[in-house]
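The structure appears below as structure tokens.
There are 2 protein chains.
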Amino acid sequence: MGKLARRVAIVGAGMSKFGQWFPLKRNPDLWVDAWIDALNRVDNGIEPKEIDACYVGNYSSDLFNHQGHLGPQMANLVGLTPKPAPRFEGACASSGVAFRQAILAIASGVHDVITVCGCESMTEVSTTLVTDTLATASDNIFEYPAGATFPGLYAAIASAHFHKYGTTPEDLMRVGIKNHENGKENPFAQMQQSIKDIMASKIKKAESQGGSIPEWKDEIDFLKSSSNPMIASPLRLFDCSLVTDGAACLFLAAEDVAKKYTDTPIWITGTGQGSASLSLHDRNDITSFIATKEAAKQAYLMAGLQPKDIQIAEVHDCFTIAEILAMEDLGFYEKGKAAEAIKNGESKRDGILPINTSGGLKSKGHPVGATGAAMAVEIFKQMRGIAERNRQVKFDVEKALTHNLGGSGGTCVVTIYQK
Amino acid sequence: MGKLARRVAIVGAGMSKFGQWFPLKRNPDLWVDAWIDALNRVDNGIEPKEIDACYVGNYSSDLFNHQGHLGPQMANLVGLTPKPAPRFEGACASSGVAFRQAILAIASGVHDVITVCGCESMTEVSTTLVTDTLATASDNIFEYPAGATFPGLYAAIASAHFHKYGTTPEDLMRVGIKNHENGKENPFAQMQQSIKDIMASKIKKAESQGGSIPEWKDEIDFLKSSSNPMIASPLRLFDCSLVTDGAACLFLAAEDVAKKYTDTPIWITGTGQGSASLSLHDRNDITSFIATKEAAKQAYLMAGLQPKDIQIAEVHDCFTIAEILAMEDLGFYEKGKAAEAIKNGESKRDGILPINTSGGLKSKGHPVGATGAAMAVEIFKQMRGIAERNRQVKFDVEKALTHNLGGSGGTCVVTIYQK
Numbered sequence: 001m002g003k004l005a006r007r008v009a010i011v012g013a014g015m016s017k018f019g020q021w022f023p024l025k026r027n028p029d030l031w032v033d034a035w036i037d038a039l040n041r042v043d044n045g046i047e048p049k050e051i052d053a054c055y056v057g058n059y060s061s062d063l064f065n066h067q068g069h070l071g072p073q074m075a076n077l078v079g080l081t082p083k084p085a086p087r088f089e090g091a092c093a094s095s096g097v098a099f100r101q102a103i104l105a106i107a108s109g110v111h112d113v114i115t116v117c118g119c120e121s122m123t124e125v126s127t128t129l130v131t132d133t134l135a136t137a138s139d140n141i142f143e144y145p146a147g148a149t150f151p152g153l154y155a156a157i158a159s160a161h162f163h164k165y166g167t168t169p170e171d172l173m174r175v176g177i178k179n180h181e182n183g184k185e186n187p188f189a190q191m192q193q194s195i196k197d198i199m200a201s202k203i204k205k206a207e208s209q210g211g212s213i214p215e216w217k218d219e220i221d222f223l224k225s226s227s228n229p230m231i232a233s234p235l236r237l238f239d240c241s242l243v244t245d246g247a248a249c250l251f252l253a254a255e256d257v258a259k260k261y262t263d264t265p266i267w268i269t270g271t272g273q274g275s276a277s278l279s280l281h282d283r284n285d286i287t288s289f290i291a292t293k294e295a296a297k298q299a300y301l302m303a304g305l306q307p308k309d310i311q312i313a314e315v316h317d318c319f320t321i322a323e324i325l326a327m328e329d330l331g332f333y334e335k336g337k338a339a340e341a342i343k344n345g346e347s348k349r350d351g352i353l354p355i356n357t358s359g360g361l362k363s364k365g366h367p368v369g370a371t372g373a374a375m376a377v378e379i380f381k382q383m384r385g386i387a388e389r390n391r392q393v394k395f396d397v398e399k400a401l402t403h404n405l406g407g408s409g410g411t412c413v414v415t416i417y418q419k
Numbered sequence: 420m421g422k423l424a425r426r427v428a429i430v431g432a433g434m435s436k437f438g439q440w441f442p443l444k445r446n447p448d449l450w451v452d453a454w455i456d457a458l459n460r461v462d463n464g465i466e467p468k469e470i471d472a473c474y475v476g477n478y479s480s481d482l483f484n485h486q487g488h489l490g491p492q493m494a495n496l497v498g499l500t501p502k503p504a505p506r507f508e509g510a511c512a513s514s515g516v517a518f519r520q521a522i523l524a525i526a527s528g529v530h531d532v533i534t535v536c537g538c539e540s541m542t543e544v545s546t547t548l549v550t551d552t553l554a555t556a557s558d559n560i561f562e563y564p565a566g567a568t569f570p571g572l573y574a575a576i577a578s579a580h581f582h583k584y585g586t587t588p589e590d591l592m593r594v595g596i597k598n599h600e601n602g603k604e605n606p607f608a609q610m611q612q613s614i615k616d617i618m619a620s621k622i623k624k625a626e627s628q629g630g631s632i633p634e635w636k637d638e639i640d641f642l643k644s645s646s647n648p649m650i651a652s653p654l655r656l657f658d659c660s661l662v663t664d665g666a667a668c669l670f671l672a673a674e675d676v677a678k679k680y681t682d683t684p685i686w687i688t689g690t691g692q693g694s695a696s697l698s699l700h701d702r703n704d705i706t707s708f709i710a711t712k713e714a715a716k717q718a719y720l721m722a723g724l725q726p727k728d729i730q731i732a733e734v735h736d737c738f739t740i741a742e743i744l745a746m747e748d749l750g751f752y753e754k755g756k757a758a759e760a761i762k763n764g765e766s767k768r769d770g771i772l773p774i775n776t777s778g779g780l781k782s783k784g785h786p787v788g789a790t791g792a793a794m795a796v797e798i799f800k801q802m803r804g805i806a807e808r809n810r811q812v813k814f815d816v817e818k819a820l821t822h823n824l825g826g827s828g829g830t831c832v833v834t835i836y837q838k
């Protein structure tokens, strides 16, 4: 793996409000929302005529919306016809893949400015069909016919991690508690409530209905109660990310032209991508994702950085156990040590390595094809010091990382950002 | 649009036999067939460890096979795990898009050698569902709900071209006759029969059954008969390409390493991609594809060539009218003049500009996600002088072009090849 032939920067980034929008909004509407939000964050403005291509990341509008060939449609909506408009797919890492390919396309010398679209409109189909559609990102020869959808596959991963490292259900719960605390501070998040808020609203509801008032000692006690039903043991409802409609938009520019758009470009200094067999039974170890390790290795090498240099990160918490695996596979912590760090508050907003200040997939939401690009939106804001409400970290962010996973670790894209 | 930061070459190319293979073969099997065929054409051999990434073009394994996330699966089958394995989609131009992105990724400096996979397994679902699935590449807000699948959309395009330029049904038939003559000479083609062969077999069948013996004056007379039923006026059965399972494989290498694999790399000197609104009613003119014009403009500019410099081409004849539009939009002929050139035999194997020597989508077959890569396979063979049977052109091919279209012209990728 070599170096980028020229440097690439993010000069604008934005997103739609994440939520459940059907029938009001589908991919075209969500994308235009994200485009306008990003446009407003390009300091000196940008015109469609200055943009060379529209790179679209989307998992399966085919199955969710019976609409394929999304690239030209998205480009057309923002005045980019007849420019190149390819679509990229890597399951839940689809816009991570689009983002990476846009970086490579600019580095190649062929394009100077590319807009990256990540989008997914999931709520047009029933929840059962959402689970079924997402399961097409697993192996359909062995896993899917056996009924192993993603909650089950990640439950197997969690169980193996519990067995090998002594991780506990409470460790998983602390990931969700933290991410909901962050999502509360994100006006674009689907669930802007802390677990305490959710507990309070349940108590208020019980009071208003004259029922018995629940008495929980704390958030962990609440998350162990029947209010947090088991989905696939050991994963409960609040260990799972959300079903979401949403889009995100990035404007990328070559070093030659970046300064035209802003005095403070966010440079991409490392990009890596890895893959793994789709099926878990084909892997030597399911407590670690080789796709993450490979993508991270490439990205660190390209950036000339080490895990200890990273100051904040957005990682792929499709399930709470996935955040723990990411923290370890990215080299932030030794295998089996992330849970203790979480318990110590190290990954909180005021900790030594804030993770998922956006609220993560757990609280911000997870429109699968939009997630990778939305991670970059959060990093852009944190590095610019413009993250909304109370979630801006208190130090100057010079070096950051995003980790975008597809399926049960079949694809991973890691990106490193520097000022 | 700038130049490629470094040169890229094809050092090996191959394909599976195209045909209708379900239930014997699906994407994994077809891809391995194509990989082995391509491997055998890398002069000095190539090992998985030398390959940096696997770029997969596929339209909709989601809808055809209920399997998304195809990249990691394809990479795993040929020993490339845990390397990057993104999937690319541009409707019927999906592997054209994968091919283009692989070229840019190598030019970027990040990768030296990439294998491109194009694959589609279409016959697992019924023919009705094939048409329905392909229709997701049209606009699902206006066109699809109105029942306008691709034969109907291309029929509208043909009618408009007839009206504006006086093109006739016989002009379309001559495209099919030529492409079947070429496909007969391609051992990888789905239909290895000329129209004359098909006529002869129908006569033989009638004779053996003791029925009335059909008397056709010539191929045109046959194609005007009830043996060639109307599908969507003016398009008849033999104006439509085939429903096919198949895969193709390319090995691409940076100029720095290409000579390690062969003394005769085929250089990519131009690549372009264009887009258009998905829906026909959004366009000013449907007798010309702006995506083709844009892609061609970029590719010619990059290569420093003009249409007259091109010696052979593979163009996207999903319907016979599409080959005529391509010949005009690529600048080989003025608008409205291609039909006359076809009549004069200029696009035949022994003509002045042979087109679709492979048999084209009409006779070789059209596994949609594989088509773009398979076009490059034919050009590789013609430039090397190794095209099978009697279809090798009689002159030394120094400059060639491929034209890969998605949907009703929503996406187009044009590639220029030189020795």
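Protein chains in written order, with the numbering used here: chain S, 1 to 419; chain A, 420 to 838. Quick reminder that beta carbons are idealized off the backbone N, C-alpha and C, glycines included. Note that the structure is predicted; figures quoted are calculated from it, not measured.
If you measure between the beta carbons of residue i and residue j, is that distance less than 7 Å?
i, j, result
"A/Gly487", "A/Ser514", "no"
"S/Phe380", "S/Ile266", "yes"
"A/Ala667", "A/Val796", "yes"
"S/Glu181", "S/Ile220", "no"
"A/Val535", "A/Leu496", "no"
"S/Asp62", "A/Leu482", "yes"
"A/Ala745", "A/Ile835", "no"
"A/Ala526", "A/Ala424", "yes"
"S/Ala276", "S/Gly410", "yes"
"S/Val428", "S/Ile312", "Look at the range of chain S in this structure, 1 to 419, and you will see that residue 428 of chain S is not part of it."
"S/Ser159", "S/Arg26", "no"
"S/Ser60", "S/Thr133", "yes"
"S/Ile286", "S/Leu401", "no"
"A/Ala524", "S/Leu104", "yes"
"S/Leu223", "S/Thr320", "no"
"A/Gly372", "A/Lys783", "The structure shown does not extend to residue 372 of chain A, since chain A is modelled only from 420 through 838, so no value can be given for it."
"A/Gly498", "A/Pro447", "no"
Could you give the distance in angstroms between the alpha-carbon of residue i and the alpha-carbon of residue j?
i, j, result
"A/Met802", "A/Lys838", "8 Å"
"A/Leu671", "A/Val532", "6 Å"
"S/Gly2", "A/Arg519", "19 Å"
"S/Ile51", "A/Phe561", "28 Å"
"S/Asp37", "S/Ala13", "7 Å"
"S/Glu215", "S/Asp239", "22 Å"
"A/Val832", "A/Gly693", "7 Å"
"S/Asn284", "S/Glu328", "17 Å"
"S/Lys388", "S/Thr136", "A small fix is needed here, since residue 388 of chain S is Glu in this sequence, not Lys. Their backbone Cα atoms lie some 36 Å apart in a straight line."
"S/Thr123", "S/Ala75", "23 Å"
"S/Gly90", "A/Pro501", "14 Å"
"A/Asp616", "A/Lys623", "10 Å"
Assuming residue i and residue j make a contact with CB atoms under 8 Å, what is their CB distance in whole Å?
i, j, result
"A/Ala722", "A/Thr688", "4 Å"
"A/Tyr573", "A/Leu654", "6 Å"
Check each residue of the region 241-274 of chain S: if its Cβ is closer than 7 Å to any Cβ of chain A, include it; give the result in chain order.
Gln273, Gly274
Output, in sequence order along the chain, the residues in the region 496-516 of chain A whose CB is closer than 8 Å to any CB in chain S.
Leu499, Thr500, Pro501, Lys502, Pro503, Ala504, Pro505, Arg506, Phe507, Glu508, Gly509, Ala510, Val516
Could you please tell me which residues of the region 107-120 of chain S, in chain order, have their CB closer than 8 Å to any CB of chain A?
Ala107, Ser108, Gly109, Val110, His111, Asp112
Taking Cβ-Cβ distances below 9 Å as the criterion, which residues of the region 58-76 of chain S are in contact with chain A?
Asn58, Tyr59, Ser60, Ser61, Asp62, Leu63, Asn65, His66, Gln67, Gly68, His69, Leu70, Gly71, Pro72, Gln73, Ala75, Asn76
Counting Cβ pairs, one atom from each stretch, are 3 or more of them under 8 Å apart for the region 84-104 of chain S and the region 45-59 of chain S?
yes
If we count Cβ pairs, one from each stretch, closer than 8 Å, do we get three or more for the region 288-304 of chain S versus the region 398-409 of chain S?
yes
Do the region 722-739 of chain A and the region 777-797 of chain A meet, that is, are 3 or more Cβ pairs less than 8 Å apart?
yes
Three CB pairs or more closer than 8 Å across the region 238-254 of chain S and the region 19-36 of chain S:
yes
Can you list, in chain order, the residues of the region 392-418 of chain S whose Cβ is nearer than 7 Å to any Cβ on chain A?
Gly406, Gly407, Gly410, Thr411
Decide yes or no for the touch test of the region 759-769 of chain A against the region 781-793 of chain A: beta carbon pairs closer than 8 Å, at least 3 of them.
no
Near-chain S residues of the region 707-718 of chain A - C-beta to any C-beta below 7 Å
Ile709, Ala710, Glu713
Selection of the region 559-592 of chain A by Cβ proximity to chain S, strictly under 9 Å
Asn559, Ile560, Tyr563
Cβ-based contacts, 7 Å cut-off: residues of the region 421-435 of chain A near chain S
Gly421, Lys422, Leu423, Ala424
Report the residues of the region 748-765 of chain A with a CB closer than 8 Å to any CB of chain S, ordered along the chain.
none
Check distances from the C-beta atoms of the region 39-55 of chain S to those of chain A and list, in chain order, the residues that come in under 9 Å.
Asp52, Ala53, Cys54
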